[in-house]
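> Mind having a look at this structure? Questions to follow.
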Amino acid sequence: MQTIIPKEPILDIGYMRHVLRGVADQRGKIARLLKSGELISLRRGLYASRRNLDPLCLAGSIYGPSYISFETALSWHGMIPERVTEFVSATIKRAASFENDFGRFRYQPVPKAVYPVGILRCTDSDLPFLIASPTKALVDRIAREAGFRSMADVARWLKGMRIELPSGLDRSQLCECADGYGRPSVRWLVRFAEKNHLVES
């Protein structure tokens, strides 16, 4: 019996079992579909039905709840010149990483208090996905740095990262994240942005 793979781009094991409900050896059939390339494994029990998907659209399904952030979002927003080599997301769960045919997906934990701040829904793609705003991506990344004691430390870090700041960082997002993270690096970023008139009024 020929199996027609559904057109849905992402399929989980439960859905595949439903599709293959008339097949005696479902596990063997899935293995053959993977070997032939008709299915692509994203992680255990999760599959893609085609190879021309934007990897950013897959990150949230591979491990969630999560949203694209850190260097990946900074690059997507044009704030750093480097092309990303892995897809990094923020999550409220444990840190995790996965590698598949679409690339390497890494997940970094952030505090629950800051998780919902500054998340954008991008629909201009194969599938909708969640990504940090420019302000949130910047905060998520700098929050991972230690040893900040002044605005000069922020300036040096920005230069070292080759980050091009937008002229309108979101003041409310900065302040919410400064409170939620409680990190000196984020508090100094807020002061730096205000002093250099980089925040929206």
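Just so we're aligned: 144 in numbering that gives the first Met the number 0 is position 145 of the sequence shown, and the numbers increase by one with no gaps anywhere. Yeah, the Cβ is synthetic: ideal placement off N, Cα and C, and Gly gets one too.
Per DSSP, which one or two residues make a beta bridge with R105?
R105 pairs with V87, S96.
> Would you decide whether T84 is buried or exposed? Buried here means 16 or more other CB atoms lie within 10 Å of its CB.
T84 comes out exposed.
> Tell me whether the beta-carbon of I61 lies closer than 7 Å to the beta-carbon of L33.
Not a contact, by the Cβ cut-off of 7 Å.
> For the beta strand (DSSP E) containing R42, list its first residue and its last residue.
Unbroken beta strand (DSSP E) run through R42: 39 to 42.
> Taking the beta carbon of R31 as the centre, do at least 16 other beta carbons fall within 10 Å, making it buried, or is it exposed?
It is exposed - the Cβ of R31 has fewer than 16 other Cβ atoms within 10 Å.
> Contact defined as beta carbons within less than 8 Å: I believe I79 pairs with M160. What is the distance between those atoms, to the nearest angstrom?
The pair is a contact, with the Cβ atoms about 6 Å apart (cut-off 8 Å).
> Quick one: any contact between the segment 144 to 153 and the segment 115 to 132, if contact means 3 or more CB pairs under 8 Å?
The segment 144 to 153 is not in contact with the segment 115 to 132.
> Considering only C-alpha positions, which residue in the set D125, V198, K111, K158 is nearest to D178?
Measuring from the Cα of D178, the nearest candidate turns out to be K111.
> Evaluate contact between the segment 92 to 104 and the segment 48 to 65, counting only Cβ atoms and requiring at least three cross-stretch pairs below 8 Å.
Yes: the two stretches touch, three or more of their Cβ pairs being nearer than 8 Å.
> Which residues share a DSSP beta bridge with D11?
DSSP output for D11 lists L45 as bridge partner(s).
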